[in-house]
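Structure first, commentary second.
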Amino acid sequence: MLGDVRVRSRVGFEPERRGSHPYLPIDFRILHCQPESAGPVSSRKIRRLLSFQRYLHCSRASRGVATHNPLHILDHDYTGQAKCMLEKVGSWNFDIFLFDRLTNGNSLVNLTFHLFNQYGLIELFQLDMVKLRRFLVMVQEDYHRQNPYHNAVHATDVTQAMYCYLREPKLSKSLTSCDLLLGLLAAATHDLDHPGVSQSFLIKTNHYLAALYRNTSVLENHHWRSAVGLLRESGLFSHLPLEDRLNMERQLGSLILATDISRQNEYLSKFREHLDKEDLCLGNAGHRHFILQMALKCADICNPCRPWELSKQWSERVTDEFFHQGDVEKKHRLEVSPLCDRQTNSVGQIQIGFMTYVVEPLFNEWARFSDTRLSRTMLGYLGLNKAGWSGMLEEQQAAVAPETDPATPDDDDDDANSKVLPQGSEES
Ligand SMILES: [Zn+2]
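For the sequence shown, the positions run 1 to 428 when the UniProt record's numbering is used.
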């Protein structure tokens, strides 16, 4: 699936080299991509200006290769059904995968535009509708369609979840239009141009982004700077005073940077402290911003709190992306990152750990802050999904167990250890 990256690199798909950083010859643009014939090497200048994904679009178009997702006019039936779905865009059971199919892969543009319209943000900020649509199309295109998980559908899902949180009573009565605008913008752009690999992968392969951001919140910094680049390129806010624009860009950065999962405890402790002291005052702009950060963090990792059918799909996709990275690491004899080895991990195990140590603590605090029906629904699904994965793991282990000698289960420690995990479970 990855093809031979070295051979491919001679025909115009070499990784971008910036400055003099030594570089492992791995091309992130083809990590999750089906092999395709290489085209002429004529657009290096363009490529340097574009994100990975838009370069791919560009190069396909210049070779006359149809993109997977032309923005052509949709079937009336599909458009009607998509519109119908948008009437219930605040529902926690919203099927984002169905919505993406009905919009022909344009879920991010359609859903975000709809929410901007619904909140009256277009009139309030005197936004040019053509510029807004163009901006959203660029955002959608800059997500990598090939990534199993970190793609535009994930961004749409996070935006939809963010909208659900913005509607919660505590937030809806205190947030300003500016907060709403920033919350939605941050959700839509929070993983922009994600390469489908982790920060540790970028660091160990000496990727220029790791050097640029000094190995700190490398991906999040890149998502933010990419979003700012598109805001400026589209001129969406060009009619606003420079000071306001810069302020918005800064706040957008602060929201996106909060999604760095390695800083989870820092945010969670601060949240807990505020809740213990009961000192959150949403009339205070700083406190409102902090709640927006927490809301975005919840939206970003809310997959395990969705109904099983949706949640399970996300779990399989994220595992697929992890295992893909592990395969590349093995191929290049790099140390395989945690959770990325398909021989020693499974979807269920990864999910149970993630739910227990990351999702539950965050959503328990969120439910303390916003004790509503939605919070109880989310915790309810979280419990059910965790039980679902545990049940599946038990079944797998029971299926493995008969192969061992039932008469002497405890007489050999090594044997017992090898029975703990099902070997070679490749669920995705
Ligand atoms: Zn994300």
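From the three backbone atoms N, C-alpha and C, an ideal C-beta is built for every residue, glycine too.
These numbers were taken from a predicted model, which means no experiment stands behind them.
Legend entry - Proximity test, D320 beta-carbon vs ligand 1 heavy atom, cut-off 7 Å: no
Legend entry - 8 Å contact criterion, which C281 and Y165 should meet: CB distance rounded: So it is not a contact: roughly 19 Å between Cβ atoms.
Inset, instruction - Please work out which residues of its chain come closer than 8 Å, Cβ to Cβ, to A367, disregarding the five sequence neighbours upstream and downstream, and give them in chain order. - result: S375, R376, M378, L379
Legend entry - Those residues, in chain order, that have a beta-carbon closer than 7 Å to some heavy atom of ligand 1: H150, H154, V158, H190, D191, T259, D300
Legend entry - Sequence-distant residues of the same chain with beta carbon closer than 7 Å to F290, five excluded per side: none
Inset, instruction - Entirely within the region 70-111 and at least 4 residues each: give me those alpha helix (DSSP H) ranges in chain order. - result: 76-86, 96-102
Inset, instruction - Tell me whether the beta-carbon of L231 lies closer than 8 Å to the beta-carbon of E249. - result: Contact flag set, yes.
Legend entry - Cα-Cα separation, T344 to A285: 46 Å
Inset, instruction - Have a look at E87 and H274 and give me their C-alpha separation to the nearest angstrom. - result: 35 Å
Legend entry - DSSP three-state assignment for R342, whether helix, strand or coil: Looking at R342 - three-state DSSP - the assignment turns out to be coil, as it is neither helix nor strand.
Legend entry - L171 versus L181: straight-line alpha-carbon distance, rounded: 13 Å
Inset, instruction - Please classify R167: does DSSP put it in a helix, a strand, or coil? - result: coil
Inset, instruction - Helix, strand or coil for F237, going by three-state DSSP, please let me know. - result: F237: coil per DSSP, three-state reduction.
Inset, instruction - State buried or exposed for P241, treating a residue as buried only when at least 16 other CB atoms are found within 10 Å of its CB. - result: exposed
Inset, instruction - Put Q251 into one of helix, strand or coil per three-state DSSP. - result: Q251 falls in the helix class under three-state DSSP.
Inset, instruction - Report whether the distance from the Cβ of N151 to the nearest heavy atom of ligand 2 is below 7 Å. - result: Ligand 2 is not part of this structure, which contains only ligand 1.
Inset, instruction - State whether the region 138-154 contacts the region 246-260, with contact taken as three or more CB pairs (one from each stretch) at a distance under 8 Å. - result: no
Inset, instruction - List the whole-angstrom C-beta distance separating L334 from K131, where the pair is believed to meet the contact cut-off of C-beta under 8 Å. - result: Wrong, their Cβ atoms sit about 43 Å apart, outside the cutoff.
Inset, instruction - Apply the 10 Å Cβ neighbour rule to E365 and answer buried if 16 or more other Cβ atoms are within range, or exposed otherwise. - result: buried
Inset, instruction - Kindly indicate which residue of L362, K312, E316 has the alpha-carbon position closest to the one of A387. - result: The shortest Cα separation from A387 among L362, K312, E316 belongs to K312.
Legend entry - Closest by C-alpha distance to P304, when choosing among T189, G383, H222, A187: G383
Legend entry - Proximity winner among E278, R272, A187, relative to L257 (alpha-carbon distances): A187
Legend entry - Sequence ranges, alpha helix (DSSP H) only - wholly within the region 318-404, length at least 4: 347-354, 360-369, 373-400
Legend entry - Distance between T216 and F271 (C-alpha atoms, nearest Å): 22 Å
Legend entry - Contacts around M392, its chain only, beta-carbon distance under 7 Å, and the 5 residues preceding and following it disregarded: G348
Inset, instruction - Rank H324, F116, Q397 by C-alpha distance to the C-alpha of S177 and give the top, closest one. - result: F116
Inset, instruction - For P195, count neighbouring C-beta atoms within 10 Å of its own C-beta (all shown protein chains included) and say buried if the count is 16 or more, exposed if not. - result: buried
Legend entry - For L219, three-class secondary structure by DSSP: helix
Legend entry - Where the alpha helix (DSSP H) through H289 begins and ends: 285-300
Legend entry - Short Cβ contact (8 Å threshold) for G353 with D341: Going by C-beta atoms, G353 is not nearer than 8 Å to D341.
Inset, instruction - Please classify T112: is it buried, with 16 or more other beta-carbons within 10 angstroms of its beta-carbon, or exposed? - result: The residue in question, T112, is buried, as its Cβ has 16 or more Cβ neighbours within 10 Å.
Inset, instruction - Please work out which residues of its chain come closer than 7 Å, Cβ to Cβ, to W389, disregarding the five sequence neighbours upstream and downstream, and give them in chain order. - result: G348, Q351, I352
Inset, instruction - Leaving out five residues on either side along the sequence, give the residues of the same chain with a beta carbon under 7 Å from the beta carbon of V139. - result: L108, A188, T189, L192, L230
Inset, instruction - State whether the region 120-130 contacts the region 96-107, with contact taken as three or more CB pairs (one from each stretch) at a distance under 8 Å. - result: no
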